[in-house]
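Visitor:
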Amino acid sequence: MKTHTTPHICASSTCDCGLTRRDFLRISALAGAGAAAPLLFAGDAMARQGAKGDDQPVKIGYLPITDATPLLVAHARKLFEAEGLRTETPRLFRSWAQITEAFVSGQVNVIHMLSPATLWVRYGAKFPAKVVAWNHVNGSALTVANEINSVADLGGRTVAIPFWYSIHNILLQQILAASGLVAVTRARNAALKANEVNLVVMAPAEMVSALAGKSIAGFIVAEPFNAAAETAGIGKVLRFSGDVWKNHACCVTFLAERDINERPEWAQRVTSAIVKAQLWTRSNQLDTAKLLSAAGENRYTPHSLQVLSKVLVTTDYSNYEARGIIAHKNWQQRRIDFQPFPFASYTEEMVRAIARTKVEGDTRFLSTLDPAFAARDLIDDRFVRKAIAAVGGPGVFGLPAKLLRSEIVAA
407 MKTHTTPHIC ASSTCDCGLT RRDFLRISAL AGAGAAAPLL FAGDAMARQG
457 AKGDDQPVKI GYLPITDATP LLVAHARKLF EAEGLRTETP RLFRSWAQIT
507 EAFVSGQVNV IHMLSPATLW VRYGAKFPAK VVAWNHVNGS ALTVANEINS
557 VADLGGRTVA IPFWYSIHNI LLQQILAASG LVAVTRARNA ALKANEVNLV
607 VMAPAEMVSA LAGKSIAGFI VAEPFNAAAE TAGIGKVLRF SGDVWKNHAC
657 CVTFLAERDI NERPEWAQRV TSAIVKAQLW TRSNQLDTAK LLSAAGENRY
707 TPHSLQVLSK VLVTTDYSNY EARGIIAHKN WQQRRIDFQP FPFASYTEEM
757 VRAIARTKVE GDTRFLSTLD PAFAARDLID DRFVRKAIAA VGGPGVFGLP
807 AKLLRSEIVA A
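Residue numbers for the sequence shown, in the numbering used here: 407 to 817.
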């Protein structure tokens, strides 16, 4: 794995690479124990102020993507209140840097986080937090300009990813390698060889417009931005992420370790509400799309019902199969699905995969991170096991009774 000590950032406050200098400095500051200390202290103070035990309110932080669905459904349907908890209005963030800073400083205490990014937060930035559940499976895609007809056509072009520590970055690089292409990180106007694909980090909300403006040839990201590009006629799906890594986790529910240790019953109730939200969502896809849409009562996201329905409701892959988009028809997957159990086998494979992936920044912590240790240390599955049992057991989510599986990855 090639690493870089100085990630590409722009001098301006905003740029078309999607990672601003301000965001980069804010998130990088957390990697140093001395720099992070004030935020950690502030987080401890906020967690204790006026809230003891289960009295602490649920303060959700989220990005406007379908990965946040269980948190938002639980809030909208008052499932947290049904567990005896108080909630605040969920806070929408525009970048992973912003949501990470808010989480570390205690401004929010229940977030969805990119699964590989949890490795960076816990072992790179050394912030004590744990994964208590998965938020969903699949739910991402590689979308390209309409003139792109194969992965090979991306050679010599630029593709956007949402974050270096993301399953999107991992899977994209595997997809490119399978077609003989090499991922590189170059300046925007740098010359590229015919077999090179330049990767840039870009906020998900900027990707569709960037594709329309032809500053990128494609992007890989969570829904519903892929569906938005399709609906607008701007681009087309070239590959679904779940067709590369079967039933992979993109985002997970992340709680601070202080909350888990000091308020275990609170953590259990939060997890139970999220598990119930996922179970409800699996059988109420259209209602979920309505709940999340810009026309919904809470206006959780800026997305239309049409776009969200394309992700959550439509399960007919015949059109994609006819176009050769689905490589593994026998996997019989939904575009996005919901199940909360965090399989250890996935975490282990994710650690191995990110170590083979080009990632900007200081990645030294990955060289000593043992996959089996990470699966034990990063994940706390006590609460989700109890929550799954309370709603009928693994079978209600289509999961194996022993909650064990083998990972299937085929780019």
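Glycine included, C-beta positions come from ideal geometry on N, C-alpha and C. A quick note: this is a predicted structure, and the numbers were derived from the prediction, not measured.
Within 10 angstroms of its Cβ, does Q462 collect 16 or more other Cβ (buried), or is it exposed?
Guide: In the sequence shown, residue 462 corresponds to position 56, counting from 1. Its Cβ being crowded by 16 or more others within 10 Å, Q462 is buried.
Visitor: Ends of the alpha helix (DSSP H) at A508?
Guide: In the sequence shown, counting from the first residue as 1, residue 508 sits at position 102. Here the alpha helix (DSSP H) through A508 covers 502-510.
Visitor: In terms of residue numbering, what span does the alpha helix (DSSP H) encompassing T475 cover?
Guide: Translated into positions along the sequence shown, residue 475 becomes position 69. It spans 475-482 - the alpha helix (DSSP H) in which T475 sits, taken as one unbroken run.
Visitor: Using the Cβ count rule (16 or more neighbours within 10 Å means buried), how would you classify D665?
Guide: The count along the sequence shown starts at 1 and reaches residue 665 at position 259. By the 10 Å Cβ count, D665 comes out buried.
Visitor: Under 8 Å by Cβ, that's how I've got P748 and A480 pegged, so tell me the actual separation to the nearest angstrom.
Guide: One-based indexing of the sequence shown puts residue 748 at position 342. One-based indexing of the sequence shown puts residue 480 at position 74. Between A480 and P748 the Cβ distance is about 17 Å, and since that is not below 8 Å, they are no contact.
Visitor: To the nearest angstrom, report how far apart G512 and I505 are at their CA atoms.
Guide: As a working note, residue 512 is residue 106 in the sequence shown. As a working note, residue 505 is residue 99 in the sequence shown. So the two alpha carbons sit approximately 11 Å from each other.
Visitor: From the DSSP output, in three-state form, read off L685 for me.
Guide: The residue given as residue 685 occupies position 279 in the sequence shown. Here L685 sits in helix by DSSP.
Visitor: Nearest-angstrom Cα distance between G639 and S710?
Guide: Counted from its first residue, the sequence shown places residue 639 at position 233. Counted from its first residue, the sequence shown places residue 710 at position 304. The alpha-carbon atoms of G639 and S710 are separated by roughly 15 Å.
Visitor: On the criterion of 16 or more Cβ atoms from any shown chain inside 10 Å, does N541 qualify as buried, or is it exposed?
Guide: In the sequence shown, counting from the first residue as 1, residue 541 sits at position 135. Result: buried.
Visitor: Looking at the unbroken beta strand (DSSP E) that takes in E602, where does it start and where does it end?
Guide: Reading the sequence shown from its first residue, position 196 is the one you call residue 602. Note, E602: beta strand (DSSP E), 602-607.
Visitor: Just tell me which of R688, S678, S715 has its CA closest to the CA of K696.
Guide: Counting from one through the sequence shown, the residue named residue 696 turns up at place 290. Answer by Cα proximity: S715.
Visitor: Would you tell me roughly how many angstroms separate the C-alpha atoms of R500 and P470, rounded to the nearest one?
Guide: Numbered from 1 along the sequence shown, position 94 holds the residue referred to as residue 500. Numbered from 1 along the sequence shown, position 64 holds the residue referred to as residue 470. Cα to Cα, the separation comes out at about 8 Å.
Visitor: Just reading off the beta strand (DSSP E) that F646 is part of, what are its end residues?
Guide: Position 240 of the sequence shown holds residue 646. Here the beta strand (DSSP E) through F646 covers 641-646.
Visitor: My understanding is that E766 touches T591, with C-beta atoms under 8 Å, so please give their C-beta distance in whole angstroms.
Guide: Position 360 of the sequence shown holds residue 766. Position 185 of the sequence shown holds residue 591. Yes, they are in contact, since the Cβ atoms of E766 and T591 sit about 6 Å apart, within 8 Å.
Visitor: Take the Cβ of V565 as the centre, count every other Cβ of all protein chains shown within 10 Å, and call the residue buried at 16 or more, exposed below.
Guide: Against the sequence shown, residue 565 aligns to sequence position 159. Buried.
Visitor: K808: buried (16+ other C-beta within 10 angstroms of its C-beta) or exposed?
Guide: Here residue 808 refers to the residue found at position 402 of the sequence shown. It is exposed - the Cβ of K808 has fewer than 16 other Cβ atoms within 10 Å.
Visitor: Is I814 buried or exposed, if buried means 16 or more other CB atoms sit within 10 Å of its CB?
Guide: The residue you call residue 814 lines up with position 408 of the sequence shown. Looking at its Cβ environment, which holds fewer than 16 other Cβ atoms inside 10 Å, I814 is exposed.
Visitor: Taking 7 Å as the threshold (C-beta atoms), are A596 and G562 in contact?
Guide: Residue mapping note: residue 562 aligns to position 156 of the sequence shown, counting from 1. Residue mapping note: residue 596 aligns to position 190 of the sequence shown, counting from 1. No, the pair does not count as a contact, with Cβ atoms beyond the cut-off.
Visitor: Tell me where the alpha helix (DSSP H) around H574 begins and ends.
Guide: Against the sequence shown, residue 574 aligns to sequence position 168. Element bounds for H574: 573-584.
Visitor: Should A584 and A817 be called a contact, given that it needs their Cβ atoms to be closer than 7 Å?
Guide: Within the sequence shown, the letter at position 178 stands for residue 584. Within the sequence shown, the letter at position 411 stands for residue 817. Closer than 7 Å, so yes.
Visitor: Assess, as a yes-or-no matter, whether the stretch 607-615 is touched by the stretch 656-676 under the definition of 3 or more beta carbon pairs within less than 8 Å.
Guide: Output reads no: the stretch 607-615 does not touch the stretch 656-676.
Visitor: Please list, in chain order, all residues of the same chain as A633 whose beta carbon is under 7 Å from its beta carbon, the five residues on each side excluded.
Guide: If you number the sequence shown from 1, residue 633 lands on position 227. V713, K716, V717, listed in sequence order.
Visitor: Nearest by alpha-carbon distance to D783: which of V757, G804, V797 is it?
Guide: Taking the first residue of the sequence shown as position 1, residue 783 is located at position 377. Per the Cα distances, V757.
Visitor: In the DSSP assignment, find the beta strand (DSSP E) that holds A395 and state where it starts and stops.
Guide: Outside the shown range of the chain (407 to 817) lies residue 395, about which nothing can therefore be said.
Visitor: Output the distance between the C-alpha atoms of E553 and F771, rounded to the nearest integer angstrom.
Guide: Translated into the one-based positions of the sequence shown, residue 553 becomes position 147. Translated into the one-based positions of the sequence shown, residue 771 becomes position 365. Roughly 40 Å separates the two Cα atoms.
Visitor: Is it the case that the Cβ atoms of A577 and V650 are separated by a distance below 7 Å?
Guide: One-based indexing of the sequence shown puts residue 577 at position 171. One-based indexing of the sequence shown puts residue 650 at position 244. First, the residue type needs correcting, since residue 577 is Leu and not Ala in the sequence shown. Yes. Within cutoff.
Visitor: For T720 and L775, I'd like the C-alpha separation in whole angstroms.
Guide: For the purposes of this step, residue 720 is taken as the residue at position 314 of the sequence shown. For the purposes of this step, residue 775 is taken as the residue at position 369 of the sequence shown. Roughly 39 Å separates the two Cα atoms.
Visitor: Under a Cβ-count criterion, where at least 16 other Cβ atoms within 10 Å of its own Cβ denotes burial, should Q738 be classed as buried or exposed?
Guide: For this step, residue 738 is matched to residue 332 along the sequence shown. Exposed, since its Cβ has fewer than 16 Cβ neighbours within 10 Å.
Visitor: Quick one, are the C-beta atoms of A655 and G545 less than 7 Å apart?
Guide: Position 249 of the sequence shown holds residue 655. Position 139 of the sequence shown holds residue 545. No, the pair does not count as a contact, with Cβ atoms beyond the cut-off.
Visitor: For A618, which three-state DSSP category applies?
Guide: Taking the first residue of the sequence shown as position 1, residue 618 is located at position 212. Reduced to three states, the DSSP call for A618 is helix.
Visitor: Per DSSP, V514 is paired with what?
Guide: Translated into the one-based positions of the sequence shown, residue 514 becomes position 108. Its beta-bridge partners do not exist; DSSP assigns none.
Visitor: Can the beta-carbon of Q691 be found less than 7 Å from the beta-carbon of F744?
Guide: Position 285 of the sequence shown holds residue 691. Position 338 of the sequence shown holds residue 744. No, the Cβ-Cβ distance between Q691 and F744 is not below 7 Å.
Visitor: Helix, strand or coil: which one does DSSP assign to D768?
Guide: Counting from one through the sequence shown, the residue named residue 768 turns up at place 362. Looking at D768 - three-state DSSP - the assignment turns out to be coil, as it is neither helix nor strand.
Visitor: If you reduce the DSSP assignment to three classes, tell me which class W651 lands in.
Guide: Here the question's residue 651 lines up with position 245 in the sequence shown. Three-state result, W651: strand.
Visitor: So, for G801: in the same chain, excluding its five sequence neighbours on each side, which residues have a beta-carbon less than 8 Å away from its beta-carbon?
Guide: On the sequence shown, residue 801 is found 395 positions in, with the first residue counted as 1. These residues qualify, in order along the chain: A807.
Visitor: From S556 to A781, what does the alpha carbon distance come to, in whole angstroms?
Guide: Position 150 of the sequence shown, counted from the first residue, corresponds to residue 556. Position 375 of the sequence shown, counted from the first residue, corresponds to residue 781. If I take the Cα positions, the gap works out to 35 Å.
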